[in-house]
Amino acid sequence: MKLEDAIRNRKSVRAFLPDPVPRETISKIVDLARWAPSWGNTQPWEIVVADGIKAKQLADAFEEEGQKGASPRPSINMPVNFAGVYKERYMNLGKNLLTFMGIERDDKQARINHYLNMYRFFGAPCVIYLVVDGELNEPYSCLDIGSIGTTICYSALMHGLGTIYLAASMHFPDIVRGVLDIPRNKKIVIGIAIGYAKPGAPAAIFRSDRAALEEIFRFA
Ligand SMILES: Cc1cc2nc3c(=O)[nH]c(=O)nc-3n(C[C@H](O)[C@H](O)[C@H](O)COP(=O)(O)O)c2cc1C
Numbered sequence: 000m001k002l003e004d005a006i007r008n009r010k011s012v013r014a015f016l017p018d019p020v021p022r023e024t025i026s027k028i029v030d031l032a033r034w035a036p037s038w039g040n041t042q043p044w045e046i047v048v049a050d051g052i053k054a055k056q057l058a059d060a061f062e063e064e065g066q067k068g069a070s071p072r073p074s075i076n077m078p079v080n081f082a083g084v085y086k087e088r089y090m091n092l093g094k095n096l097l098t099f100m101g102i103e104r105d106d107k108q109a110r111i112n113h114y115l116n117m118y119r120f121f122g123a124p125c126v127i128y129l130v131v132d133g134e135l136n137e138p139y140s141c142l143d144i145g146s147i148g149t150t151i152c153y154s155a156l157m158h159g160l161g162t163i164y165l166a167a168s169m170h171f172p173d174i175v176r177g178v179l180d181i182p183r184n185k186k187i188v189i190g191i192a193i194g195y196a197k198p199g200a201p202a203a204i205f206r207s208d209r210a211a212l213e214e215i216f217r218f219a
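At position 194 of the sequence shown (counting the first as 1) the number is 193 in numbering that gives the first Met the number 0, and the numbers step up by one without a gap.
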């Protein structure tokens, strides 16, 4: 796969087949992604994979929290308020995605189902959790996590797999910690759901847009 094709073709997948991904494939994906850059080559990431029964346990527990209307309690602060153009882009994503999926604005139940489905990793059989040592400088090591996370997404694409970064996968880190046996001194930063995209599903076809080059770029 050409690098340009990988960059242009990667997108978040929100509908997966339940087919398990061979552990050998996941290992190969992560083995390649290890070459991502990090600050001072510290490679502060630890990668913990939930598949099979573990992924199901997480999905069941998250969905239960979602059904109860529990507020997220992430270990890394999540953005809550957006202003101006950022709010506009955030709102546009939600509107365009739900419209593309055929979910009407006033169909409250369909929206709730979409969010509950997010807690089930949109059907993905596997989630790759990116974890850092709690001793590390948190905001800074998140740069490194972004570096390996996105490299994992490209590596997965090369192996014919779809991915999505899921903030929803770290709404309840205490649950993740318990199910995946992650010690208390480690911070769970984010999970990336991975699996085979469901052919023909609008949520697997949807593509988000981007701001024009002139909007985000200039020579000083
Ligand atoms: C840190 C992070 C967390 C995200 N969390 C979610 C999420 O919880 N639910 C979701 O549907 N998409 C999530 N996304 C996917 C973004 O919505 C998506 O990357 C963005 O809309 C751009 O679309 P693309 O990935 O298809 O290019 C997340 C992306 C990132 C980088």
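Note that the Cβ used here is the ideal one computed from N, Cα and C, for glycine as well.
As the structure is a prediction and not an experimental result, all values here were calculated from the model.
(message) Under 8 Å, with one C-beta from each stretch per pair, do the stretch 24-44 and the stretch 150-160 reach the 3-pair mark?
(response) yes
(message) Our contact map puts Phe-205 next to Phe-99 with C-beta atoms below 8 Å; I'd like the distance itself, whole angstroms only.
(response) 5 Å
(request) Have a look at Ile-127 and Glu-213 and give me their C-alpha separation to the nearest angstrom. (result) 35 Å
(message) For the beta strand (DSSP E) containing Asp-50, name the first residue and the last one.
(response) 44-50
(request) Go ahead and pull the three-state DSSP assignment for Ile-28. (result) Helix, per DSSP.
(message) Looking at chain D, is there any beta carbon in it that lies within less than 8 Å of the beta carbon of Arg-7?
(response) Given the protein chain composition of this structure (a single chain), no chain D is represented.
(message) Which complete alpha helix (DSSP H) runs does the stretch 39-108 hold, if anything under 4 residues is left out?
(response) 51-67, 83-99
(request) Could you pull out every residue in the same chain whose Cβ sits closer than 6 Å to the Cβ of Val-12, ignoring the five residues on either side in sequence? (result) In its chain, beyond the 5 residues on either side, Gly-161, Ile-163, Ala-196, Ala-203 have a beta carbon closer than 6 Å to the beta carbon of Val-12.
(request) Locate the alpha helix (DSSP H) running through Asp-4, then write down its first and last residues. (result) 2-8
(message) Do Leu-129 and Ile-189 count as a contact pair if the criterion is CB distance below 8 Å?
(response) yes
(request) Reducing DSSP to helix, strand and coil, say where Ser-168 ends up. (result) helix
(message) Quick check: the Cα distance between Asp-50 and Arg-176, rounded to an integer number of angstroms?
(response) 15 Å
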